[in-house]
Amino acid sequence: MPNKGKSITILVAEDDEDDRLLMQDALEENRLANDLHFVFDGEELMDYLLHRGDYSDPKSAPRPSLILLDLNMPRKDGREALKEIKSYPELRQIPIVVLTTSKAEEDILRTYDLGVNSFIAKPVVFDSMVKIMKTLGTYWFEIVELPDQNA
Numbered sequence: 001m002p003n004k005g006k007s008i009t010i011l012v013a014e015d016d017e018d019d020r021l022l023m024q025d026a027l028e029e030n031r032l033a034n035d036l037h038f039v040f041d042g043e044e045l046m047d048y049l050l051h052r053g054d055y056s057d058p059k060s061a062p063r064p065s066l067i068l069l070d071l072n073m074p075r076k077d078g079r080e081a082l083k084e085i086k087s088y089p090e091l092r093q094i095p096i097v098v099l100t101t102s103k104a105e106e107d108i109l110r111t112y113d114l115g116v117n118s119f120i121a122k123p124v125v126f127d128s129m130v131k132i133m134k135t136l137g138t139y140w141f142e143i144v145e146l147p148d149q150n151a
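Right, dumping it as structure tokens:
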């Protein structure tokens, strides 16, 4: 298991409070919520990643091991944020999984064109979310090799 023992920081960009709670509970159920951070929209996501404003202290905004990104958020949506993240060489290595209610073929194609690592339709049932988070955790933190966050 390549990443066992390494610190796992998950950053969730999600504006819907119910979806945030569902994800948090599912991550906790799978013991993946030890370093979980939430941002409300794409603007706040970029502030977090670039250590601006409320996130100027890197200790309160550690580099994420994985970003879970909703597409439909206020101010700056997930598509815009994804494009901006991938434009920064120091950020483009962070794996990004779109987790959204959209199942539109256009969104799927566009986000992959912009560099997303995976696209998942957000389940509405808790058990399904738990299974998705377990699979994501196994894949991203036990199977694949991720770049060293401190490099």
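UniProt numbering applies: residue 1 is where the sequence shown begins, and numbers increase by one. Every residue gets a Cβ at the ideal spot worked out from N, C-alpha and C, and that includes glycine.
Close beta carbons around residue i, own chain, < 6 Å, minus the five adjacent residues each side
i	result
T100	D70, L71, K122
Backbone CA spacing between residue i and residue j [nearest angstrom]
i	j	result
S87	L114	10 Å
L11	H37	5 Å
N34	L109	32 Å
G18	P147	Checking the displayed sequence, the identity of residue 18 turns out to be Asp instead of Gly. About 32 Å.
R20	V39	10 Å
M1	I143	Bear in mind that a pLDDT of 38 at M1, under 50, signals an unreliable position, so the number given afterwards is only what the model happens to contain. Roughly 6 Å between the two C-alpha positions.
Neighbourhood of residue i by C-beta distance below 7 Å, restricted to the same chain and skipping five residues each side
i	result
D54	D47
L66	I10, P95, V97, W140
Residue(s) in a DSSP beta bridge with residue i
i	result
L36	I10
F119	V98
Start and end residues, beta strand (DSSP E) containing residue i
i	result
L99	96-100
For residue i, the first and last residue of its enclosing alpha helix (DSSP H)
i	result
Y48	42-50
S87	S87 -> no alpha helix (DSSP H), and no H or E assigned at all.
Item to complete: Pick out the complete beta strand (DSSP E) segments inside the segment 56-85, 3 residues or longer, and give them in chain order.
Response: With a minimum length of 3 residues, the continuous beta strand (DSSP E) runs that stay inside the segment 56-85 are 66-69.
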